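FYI, in full-length UniProt numbering the residues of the sequence shown are 1 to 330.
We put the CB at the ideal spot given by N, CA and C, even for glycine.
Just so it is clear, the structure is predicted and the values come from calculations on it, not from any experiment.
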Amino acid sequence: MLVVQDELPQPNAEPEMGAAAAVVYDTSPSLLRNPPPIPAETAHLSAPDMAQLCAMLAGISGDMQEMKTNTQQMKNEMKANLKEEMREMRRETQNMGMSLKGSLEELKNEMKKEVDTIRAEVTGLKEKVKGVGVAMEESKNERANEIKTVVGKIDKVGKGLGEVKQGQDQIKEEIGRNTTAIEELKREQGKIKEGLGAVKEDCEKRHREMTDKVENLRKEVKAETQKGLKEVGEECRKRHEEVINEMERKAGEKTEELGERIEKNRGETEEQLRTTREKISKTNKMVTQVQGEVQQIREKVGELSLGMIGEELNGVIKGKMEEMERRLTE
Numbered sequence: 001m002l003v004v005q006d007e008l009p010q011p012n013a014e015p016e017m018g019a020a021a022a023v024v025y026d027t028s029p030s031l032l033r034n035p036p037p038i039p040a041e042t043a044h045l046s047a048p049d050m051a052q053l054c055a056m057l058a059g060i061s062g063d064m065q066e067m068k069t070n071t072q073q074m075k076n077e078m079k080a081n082l083k084e085e086m087r088e089m090r091r092e093t094q095n096m097g098m099s100l101k102g103s104l105e106e107l108k109n110e111m112k113k114e115v116d117t118i119r120a121e122v123t124g125l126k127e128k129v130k131g132v133g134v135a136m137e138e139s140k141n142e143r144a145n146e147i148k149t150v151v152g153k154i155d156k157v158g159k160g161l162g163e164v165k166q167g168q169d170q171i172k173e174e175i176g177r178n179t180t181a182i183e184e185l186k187r188e189q190g191k192i193k194e195g196l197g198a199v200k201e202d203c204e205k206r207h208r209e210m211t212d213k214v215e216n217l218r219k220e221v222k223a224e225t226q227k228g229l230k231e232v233g234e235e236c237r238k239r240h241e242e243v244i245n246e247m248e249r250k251a252g253e254k255t256e257e258l259g260e261r262i263e264k265n266r267g268e269t270e271e272q273l274r275t276t277r278e279k280i281s282k283t284n285k286m287v288t289q290v291q292g293e294v295q296q297i298r299e300k301v302g303e304l305s306l307g308m309i310g311e312e313l314n315g316v317i318k319g320k321m322e323e324m325e326r327r328l329t330e
């Protein structure tokens with residue numbers, strides 16, 4: 001194996017920013033001027049191989065020299081750029097200082113104007129204070145007169161308060177007397193309440209007794225009324241049956257009388273016969289109507305309550321009987 005040892009040139013330490021010292025590099029002799037000793041392992045190589053190896057080493061040395069040159073150029077460019085940036089920063093710092101100085105000057109002028117304005121206002125306030133002092137002196141005399149007047153009024157009020165206090169004492173005495181009277185009234189009310197309680201108990205007792213008596217009397221009246229209504233109902237039913245039978249009897253007699261008349265008048269003309277037939281038909285209709293009304297009367301009597309049976313029922317029955325007799329007569 002072919003081992004080639006070479007040492008790259010190492011630059012010295014970088015100087016601090018702003019330092020004037022130049023960059024110093026290690027200027028070691030190149031491999032071509034001072035080639036390293038040939039190792040013993042390569043002694044058996046032929047001349048062409050040795051020439052090829054030397055050419056390779058020369059190429060590597062050339063590349064290293066080019067890298068060194070490029071590095072130096074980059075260092076110089078960085079140094080120039082750094083100096084330019086430093087100059088730019090210095091100019092900007094100077095500009096900022098000038099701008100700050102102008103701003104401070106403007107602020108100083110504005111503060112001076114404000115101070116002048118405040119001084120003018122203070123002067124005006126002093127003048128106003130002087131005017132206020134004069135006015136206060138004048139007002140002081142007026143206030144003294146007012147105070148005298150008020151003191152006089154207070155004295156009058158004090159006298160009035162004394163009179164009011166006396167009136168209050170009298171009122172308190174009157175209240176005390178009224179309180180005593182109220183206590184007596186309360187005691188009287190207590191006695192009255194006790195009497196009212198006894199009266200209330202007595203009234204409640206009498207009320208219960210009267211309620212019981214009224215209830216018993218109501219039951220007795222109800223029983224007597226039902227009994228009387230039952231008797232009246234029986235009597236009304238009997239009279240109703242008698243009236244119905246009488247009406248049926250009279251209707252039968254009238255029908256027989258009409259039949260006899262028809263038999264006697266059989267020799268009449270055809271017109272009289274037709275008239276007679278019509279009369280018979282009317283009579284039959286009237287009988288049917290009377291029977292229907294009788295049935296209605298029966299139903300009505302059955303529907304009527306016992307309290308409504310009496311003179312009203314007698315009047316209705318009498319009117320119906322008279323009306324039926326009149327119709328039968330016709």
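Going by DSSP in three states, residue i sits in which element: helix, strand or coil?
i, result
"residue 170", "helix"
"residue 99", "helix"
"residue 281", "helix"
"residue 22", "Because the pLDDT at residue 22 is just 41, under 50, the model does not fix this residue reliably, and the point stays unresolved."
"residue 61", "helix"
"residue 255", "helix"
Less than 8 Å between the CB atoms is what I'm expecting for residue i and residue j, so what's the real figure, rounded?
i, j, result
"residue 258", "residue 280", "7 Å"
If we count the other Cβ atoms within 10 Å of its Cβ and call it buried at 16 or more, is residue i buried or exposed?
i, result
"residue 251", "buried"
"residue 74", "exposed"
"residue 247", "buried"
"residue 21", "Confidence is the limiting factor: at residue 21 the pLDDT is only 39, short of 50, which leaves the residue's position unreliable and the question unanswerable from this model."
"residue 103", "exposed"
"residue 6", "Low confidence applies to residue 6: its pLDDT is 42, below 50, so where it sits in the model is not reliable enough to give any reading."
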